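Visitor: One structure is given below, represented as structure tokens, and several questions about it will come after.
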Amino acid sequence: MERAAVRSGLPILLLVLRCSLMNCDGVVVNDLGVTPGTGVKSASATPTLRRGLSVSVDSQTMSATSPSGGATSTSLHEVEALMRFRMMIENATAEFSSWNANDVSPCAWVGVHCGSRGQVIGLNLSHFHLRGSLSSSLGQLSSLQRLDLSHNEFSGPIPRSLGACSSIQHLSLENNSLSGEIPSEFGLLSNLGELSLSHNNLSGHIPVSLSNCSMAKVLNLSANSFWGEIPSEIGRLHTLATLDLRLNKLSGSIPASLSNCSKLEYLGLSDNHLSGLLPPEFGSLGRLRSLVIIRNILSGYIPTSLGNCSKLESIELGFNLLSGPIPSEFGRLGGLKHLNLVNNNLSGNIPVSLSNCSMLQVLGLTSNSLTGHIPVEFDRLKKPYYFFLSENDLSGAIPPFFTNCSYINLSRNRLSGTIPQHWSHSLRSLSLSHNFLEGPLPNMVGNLSDLYRLSFGHNRLTGQIPANFCPSGLGVLHMRNNRISGQIPPSIGNCTALFSMDLSNNLLVGPLPPSLQFLPKLKVLALASNELTGGFPNWITSLPSLQVLDLSNNSLRGSLPTTIGRMHGFKALKEITSPDMYVYDQIEINAKGMRLLLEKIATVRISLDVSGNNFSGPIPEQIGDLLGIRYLTLANNSFEGALPPSLSKLHSLESLDVAGNRISGVIPNQLGAMSGLQYFDVSFNNVTGPIPQYTQFQTWGPEKFQGNPGLCGLPLEPCANTNTTNSESVSAPVSAVSTATEVGPSWIIGDSISGPACLVGYAIGFFGFLAALSCSDSLRRIFYSWLREPHDDDHGLEADHYGFRF
């Protein structure tokens, strides 16, 4: 321990000896290191000196600390300040081994840069993953010109003492976890050219004093929690080139005084709560290149004066409340590359003058009220890349210039005519859904090797799917709600990257092609409402990623294979996803008694739907192995036998629909313990016995249990024998008048009329009708389908990608 004490005290002792040789006046020693006499002295400093340390120092050490070593009072002052800073770091890494208090100068230390006279002018420890707080000793580096501590894990407040670094020109503390307010003392930094505090936890008002930093060129305060108004005094910063205040909580109007920042090139105010008008004075910003004010509450017209900003390359005003027409004056902006006006209330035609913006690459006008035709003059554009014009009221044909684009979304308009046959080989995404397009599918699609997404759903397309329709890189193929006929071509199996395929609501016939088993990434397979025949293929159970299977409303028959329990994707307790897996278009599924519309989401609920077919036989016990399933819909088939108790293992199950089958036996008591089950429908079967009591079953209406003459208990009529349990099979003959008076009214008009109030003849007629239903599969399916018309109240989930809806 004595040796350790000597080692720990040696650097301080050497520094004291060094100062005694060099007449370093006013230097004292405390428990933290060396403190200049002008600073705050520790109470323990004097006793430490009085005690002294008995350490032998050889002549070699003494010579190292002689005046010939070049030490000055300034360098010692900076060594002490930097050592204080280091002591506040909780995880000083190996790189700090060069930081040593017995050095006469810090100029050889990692991250430290010195000027010609040996003074510290720069400290750069960016991306060192340092954790701790910032020491106020940094303010003692009076010659500091550049401080970069970005991309670390520093927390706590920004030291006010930094306001004393009058020489500082570059101050970067971005990407940390700093909190508190910006020190008003920063207004004293008259030489400050760049201040970057983005991506921290800073809050409070933006200090008006920053307007005193007359040399400022870059002010980046983005991704914090600043609130209040933008100080109009910032307009005094005539040298300001970049003002980035995005991702804060700023409110109020945008100061027109910012137009006085005549050298401004970038103005970023996105993701705040700014309201009011966009100042027309901005038209005087002759050097402005990027105007980015997405996701605010701006209203009124877009100023036509912006057409005077001749150097504008990017205008991004999406997700506001802007109205009126798109200024035709934008056609003067020959260098314009990005125009993003999505999700506003803009109206009128798309200006033909935009075709003069020959460099335009991105045009985002999604979700407005634009009308008229898409200008054919856009063929003048040299490098069209992204064109998003969806969710408007555009009409007419698809212009030929689009065949040169890479990302196109024209969905949800009133476009008509046929789909062009020829497209650019660089095409990556093409969405033409929800229009009035007709005619055949383009044959050239199979040759587009870069194509990842193809959405033609909800049109009037006819003909068959071409044999070579599917390029190998295609990930999303959505063509639901058309009039496409013929069989699904086996060549679809060549689309090995296919992630989602939706061909529902067409006129497809024949069996499911076995080649689909070679799609290892297939997650969504929706083939509902066609005329498909055959059985449930065994190979479906071997698709490793499948999590949504919708084969409803076809003519499939046979039994469900016992191998259904092997479906790997349905066993997952969470949805399979990856960065390149996005379901951009809507996926409709039967769940909770309605058609659920899930759209533009990266993950989808695990769902199996084979309703509306001719499947028969028992429900496989192995279906209880699909532990991740959320929605299970087996309704309107001819399944028979009892509900398998293994269903109770499906703890993720939210909806179970087995209505309109021949299921018998009792409802397993275990199902009543499934707390996550939100929807259950066993109506129109042959289920008997009491409904499990004191469970969520009592929260559902009687219509979910109707059509089962032997079923009783809440929410139906009470059971005749209250001691009957689910372990007993309850007999309920169809011809029994007593049973009719109990169950009949509950089925027809609910609980408001009791059994004795019903006429016996009415009950007999009712159960006669039930008997007819139980004897005739076709009559039961027709009647059940009539009761279960799809709801129009769809529920959509949306996700945007870089401000655009794909």
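Each number in the working numbering comes from the position in the sequence shown (counting from 1) with 1 added on.
Don't be surprised by glycine CBs; every beta carbon is placed ideally from N, CA and C.
Here the structure is a predicted model, which is why all the values come from computation and not from measurement.
1) Closest Cβ-Cβ distance between Ala398 and chain C: below 8 Å?
2) Between which two residues does the alpha helix (DSSP H) holding Phe571 run?
3) Checking 8 Å against the spacing of the C-beta atoms, do Leu455 and Leu438 come in under that value?
4) Quick one: complete beta strand (DSSP E) runs, 3+ long, within the segment 659 to 722?
5) What does DSSP give as the partner residues of Glu532 in its beta bridges?
6) Excluding five sequence neighbours on each side, which residues of the same chain lie with their C-beta closer than 6 Å to the C-beta of Tyr267?
7) Mark Lys524 as exposed unless 16 or more other C-beta atoms lie within 10 angstroms of its C-beta, in which case mark it buried.
8) Do you know how far the Cα of Met480 is from the Cα of Leu774?
9) Going by CA-CA distance only, name the one from Phe571, Ser285 and Thr404 that's closest to Pro443.
10) Ordered along the chain, which non-local residues of its own chain (more than five positions away) have a Cβ less than 6 Å from that of Leu222?
11) Would a C-beta distance cut-off of 8 Å place Arg415 and Glu392 closer than the cut-off?
12) Can we say the segment 164 to 172 touches the segment 102 to 118, given the rule of at least three CB pairs closer than 8 Å?
13) Use the C-beta contact count for Asp394: other C-beta atoms within 10 angstroms, 16 or more gives buried, fewer gives exposed.
14) With C-beta atoms as the reference, is Leu265 less than 8 Å away from Arg288?
15) What are the boundary residues of the beta strand (DSSP E) that includes Glu317?
16) Count the other CB atoms, across all protein chains shown, that sit within 10 Å of the CB of Pro553; report buried if there are 16 or more and exposed otherwise.
17) Consult DSSP for Asp626 and reduce its assignment to one of helix, strand or coil.
18) How far does the beta strand (DSSP E) with Leu179 in it reach, from first residue to last?
19) If you scan the segment 292 to 361 from start to end, which runs of the alpha helix (DSSP H) of 4 or more residues do you find wholly inside it?
20) Residues bridged to Asp503 by DSSP?
21) Is Gly532 buried or exposed, if buried means 16 or more other CB atoms sit within 10 Å of its CB?
22) Can you tell me which of the three DSSP states Ile235 falls into?
23) If you count every other CB in all the chains shown that lies within 10 Å of the CB of Trp100, and 16 or more means buried, which is it?
24) For Pro545, name the three-state secondary structure that DSSP assigns.
25) Which residues in the same chain as His274 place their Cβ atom closer than 6 Å to its Cβ, once the five residues preceding and following it in sequence are excluded?
26) Can you name the start and end residues of the beta strand (DSSP E) that Ser450 belongs to?
27) Considering only C-alpha positions, which residue in the set Gly123, Gln679 and Asn539 is nearest to Gln699?
28) Looking only at C-alpha atoms, which of Pro401, Gln422, Ile159 and Ala398 sits nearest to Met445?
29) Are the CB atoms of Leu172 and Glu186 nearer to each other than 8 Å?
30) Is it right to say Lys250 is buried, meaning 16 or more other beta carbons lie within 10 angstroms of its own, or is it exposed?
31) In terms of residue numbering, what span does the beta strand (DSSP E) encompassing Gly829 cover?
32) Taking only three categories from DSSP, how would you classify Phe470?
33) How many angstroms separate the CA atom of Leu148 from the CA atom of Val209?
34) Between which two residues does the beta strand (DSSP E) carrying Asp1 extend?
35) Go ahead and pull the three-state DSSP assignment for Phe640.
36) Let's test the definition: count the other Cβ atoms within 10 Å of the Cβ of Ala95 and tell me whether it reaches 16, buried, or not, exposed.
Guide: Quick look at the numbers:
1) Absent from the structure is chain C; it holds one protein chain and no more.
2) Counting along the chain, the alpha helix (DSSP H) containing Phe571 begins and ends at His569 to Lys572.
3) Against a cut-off of 8 Å, the Cβ pair of Leu438 and Leu455 comes out as no contact.
4) 663 to 665 and 680 to 682
5) DSSP lists Val510 as the bridge partner or partners of Glu532.
6) Thr243 and Ser291
7) buried
8) Model confidence at Leu774 stands at a pLDDT of 49, short of 50, so the residue's coordinates are unreliable; what they give is reported in the following sentence. The alpha-carbon atoms of Leu774 and Met480 are separated by roughly 36 Å.
9) Thr404
10) Correct list, in chain order: Leu198 and Leu246.
11) Not closer than 8 Å, so no.
12) A contact between stretches requires three or more CB pairs, one per stretch, nearer than 8 Å, and the segment 164 to 172 fails this requirement with the segment 102 to 118.
13) By the 10 Å Cβ count, Asp394 comes out exposed.
14) yes
15) Ser315 to Glu317
16) One point to set straight first is that residue 553 is Ser, not Pro, in the sequence displayed. Buried, because 16 or more other Cβ atoms sit within 10 Å of the Cβ of Ser553.
17) Asp626 falls in the helix class under three-state DSSP.
18) Leu179 -> beta strand (DSSP E) spans Ser178 to Gly181.
19) You should have found no qualifying run.
20) His479 and Ala527
21) The question names Gly, but residue 532 is Glu in the sequence shown. With fewer than 16 other Cβ atoms within 10 Å, it is exposed.
22) The answer is helix: DSSP assigns Ile235 an H, G or I state.
23) buried
24) coil
25) Ser252
26) Ser450 -> no beta strand (DSSP E), and no H or E assigned at all.
27) Looking only at Gly123, Gln679 and Asn539, the smallest Cα-Cα distance to Gln699 is reached by Gln679.
28) Gln422
29) no
30) exposed
31) Nothing about residue 829 can be read from this structure; the chain reaches only from 2 to 807.
32) coil
33) 23 Å
34) Residue 1 falls outside the range modelled here, since the chain spans only 2 to 807, and no answer is possible.
35) strand
36) exposed
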